[in-house]
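Data block below; observations after.
In the working numbering, the protein residues as written are 1445 to 1754.
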């Protein structure tokens, strides 16, 4: 009797290239099929193709590659038939860290163990995300950070781009509502809108995000015109847990309207734009390979008052 069939969708340009090359060698040695993508669209197509014949589809790259792989499996209609794994080889590897995968070699151990959990995924305007959907200053920085800069500087590339954009950023005029009845919770000028499924945000004490509660974590950061973003301690002032300009909500459904021209939102680093955003949590939507340190019941999110809606 043959074992489960595993197909790796690899972005050979992720990170510095060393980890993707190592991953290919290790996958071939195990008899796994490796498909190399040439672009984001190619990743989606290859993942959809792989999902038609595989028991496990594994994304090798960063969070963007993982998002494209998930999108492909979703488009193939195989969310409930295929397990999804990740080999962290990109600039950002937030999801791998959240599910207890610490590197390339460890990823192969985790996938080989066969241990999976049914995790939530987020849907934003009909497109999936695993880590986060963000708008505002951080989304603009994500869109304008070039692949070459990411390869050269790693995560620092995002920080430097954010700093370069912050002085001229005018904020987003948002109306935010939650729940099936779209109860209004916030209106105003936002510096950032952070929506997390599998990602922690600053000001939270948890070791990992909760990906099994059927809710997304929402942080609205009001525009603070008097704050010098380049000053010492600016990030602490902006994101401290008891800051009065932070609004936190946990909800299964979120609706956002931007009063103005279409704006960009970053889904795990992949960009969409529009004047309205509808986000839903899909509880336990797919089986994911998780490491032994993954905690299905992490401690309560944050320490400041959080509004909950189902």
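Glycine included, every Cβ here is placed at the ideal spot set by N, Cα and C.
Buried/exposed call for residue i, threshold 16 Cβ in 10 Å
i            : result
residue 1741 : exposed
residue 1474 : exposed
residue 1462 : exposed
residue 1450 : buried
residue 1557 : exposed
residue 1521 : exposed
CB of residue i within 8 Å of CB of residue j, strictly
i            : j            : result
residue 1502 : residue 1545 : no
residue 1484 : residue 1535 : no
residue 1639 : residue 1622 : no
residue 1420 : residue 1507 : Lying outside 1445 to 1754, the shown extent of the chain, residue 1420 is not represented and no answer is given.
residue 1452 : residue 1478 : yes
According to DSSP, residues forming a beta bridge with residue i
i            : result
residue 1725 : 1566
residue 1579 : 1637, 1709
residue 1483 : Per DSSP, none; premise fails for residue 1483.
residue 1665 : 1636, 1690
Separation of residue j from residue i, as counted between CA atoms
i            : j            : result
residue 1492 : residue 1689 : 42 Å
residue 1657 : residue 1694 : 10 Å
residue 1515 : residue 1719 : 22 Å
residue 1749 : residue 1554 : Residue placement at residue 1749 is flagged as unreliable, the pLDDT there being 45, under the threshold of 50; the coordinate-derived value follows with that caveat. Between residue 1749 and residue 1554, the C-alpha separation is close to 36 Å.
residue 1624 : residue 1722 : 11 Å
residue 1665 : residue 1576 : 15 Å
residue 1541 : residue 1525 : 24 Å
residue 1528 : residue 1496 : 13 Å
For residue i, three-class secondary structure by DSSP
i            : result
residue 1511 : helix
residue 1715 : strand
residue 1556 : helix
residue 1632 : strand
residue 1538 : helix
residue 1550 : helix
residue 1474 : coil
residue 1522 : coil
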